[in-house]
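Participant: Heads up: the sequence shown is residues 231 to 525, going by my numbering. Beta carbons are placed, not taken as given, at the ideal position from N, Cα and C, and that holds for glycine. These numbers come from a predicted model, not from an experiment.
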Amino acid sequence: MEIARVALVTGANQGIGFALVEGLAARMGPDDMVLLTGRDGGRVDDAASRVAEAAGTRSRVEGRVLDVTDAGAVAAMAVELGERYGGVDIVVSNASALLTPDRSQSEQADEFIAVANGGTHAMLRSFGPVLRPGGRMVVVASSLGTLGHLDSRLHALFDGASLDEVEQAVESWRTDIHAGTAEERGWPRWLNVPSKVAQVAAVRAVAARRRARDVPEGTLIAAVCPGLVDTRLSRPWFPDFSQARTPPRAAKAVLDLLLSERVDPEFYGELIRFGRVLPWYGGTPPLEQDRLLTA
231 MEIARVALVT GANQGIGFAL VEGLAARMGP DDMVLLTGRD GGRVDDAASR VAEAAGTRSR
291 VEGRVLDVTD AGAVAAMAVE LGERYGGVDI VVSNASALLT PDRSQSEQAD EFIAVANGGT
351 HAMLRSFGPV LRPGGRMVVV ASSLGTLGHL DSRLHALFDG ASLDEVEQAV ESWRTDIHAG
411 TAEERGWPRW LNVPSKVAQV AAVRAVAARR RARDVPEGTL IAAVCPGLVD TRLSRPWFPD
471 FSQARTPPRA AKAVLDLLLS ERVDPEFYGE LIRFGRVLPW YGGTPPLEQD RLLTA
């Protein structure tokens, strides 16, 4: 079967990743293919089967095992898709690890950072080169990913940084966590905050290098914030979910961006929430979130 367009979503067994695959499979065409990826083969197969068998599915759906913490595996899949299909049209880096308030942040740091940040870096490095002109590559982040959510002492680590420098900053943060020096250096106690800022900084770094070529071609590289989504990853952290979106509802704005024929050039390299750019320098250090760790 000849494939017209290829879309790939990481961390797609459940939550918003699964909802994005469902939406892509329903809104793309019968000659297109959506790749649902995750670390657990059994869960990947089950999730892909559920989407493929759903009444609204129009596109071909295929489950693929992909551990985003394995940069070699990410690179190999990008090369394979590039050789087989001539590139990819939509890439969503969505994988994240569970973070809970009942365990110390340092105990959870390595796995969380490896998935959320190492995985983001691997996806940007490997799938950027095989993204077709006019394609879309987005990293699912958070409104916490703006620079103002960090202590001003840390801003220089991420503002205007290259991808290599972002990776170095993330490693420095991880080292500080294990050395017990993170707080005195200004890092928030809640891992999610520096992780999201680093994700957006990584997107900005890659976008800065590609902007002159991508924007005229209609290609988009950006970070997206789907808002507060009712999933098992967010449930432990927020007491009030009355305003939270279900994964399918949260996925809609992201899908609209991914599948739009034309995107606003102002979106390129930015953090987008509900069709608007969140200013990179906005935000304030989230002391309330730190209190969650001691409540």
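Kindly indicate which three-state DSSP category I451 falls into: helix, strand or coil?
Facilitator: strand
Participant: If you run the structure through DSSP and keep just helix, strand and coil, what is E292?
Facilitator: strand
Participant: Looking only at C-alpha atoms, which of T267, Y315 and A344 sits nearest to L328?
Facilitator: A344
Participant: Who are the near neighbours of P495 in its chain, counting only those whose CB is closer than 8 Å to its CB and skipping five residues on each side?
Facilitator: V445
Participant: Please report the Cβ distance between A346 and S425, rounded to the nearest whole angstrom; I am assuming they are in contact, meaning their Cβ atoms lie under 8 Å.
Facilitator: Yes, they are in contact, since the Cβ atoms of A346 and S425 sit about 5 Å apart, within 8 Å.
Participant: Among L250, G348, R280 and A277, which has the Cα closest to the Cα of V321?
Facilitator: Looking at the Cα atoms, L250 is the closest of the given residues.
Participant: Measure how close the beta-carbons of T299 and S323 come, nearest whole angstrom, since I'm counting them as under 8 Å.
Facilitator: With 8 Å as the limit, T299 and S323 do not qualify as a contact, their Cβ atoms being about 12 Å apart.
Participant: Identify whether T330 lies in helix, strand or coil by the three-state DSSP scheme.
Facilitator: coil
Participant: Are the CB atoms of V304 and V264 within a distance shorter than 9 Å?
Facilitator: V304 is positioned such that its CB atom lies no closer than 9 Å to that of V264.
Participant: Just to confirm the assignment, what range does the alpha helix (DSSP H) spanning R479 have?
Facilitator: P477 to L489
Participant: Quick check on this structure: which residue in G410, L361, H385 and L488 has the alpha carbon closest to the alpha carbon of T514?
Facilitator: Looking at the Cα atoms, H385 is the closest of the given residues.
Participant: According to DSSP, is A256 helix, strand or coil?
Facilitator: helix
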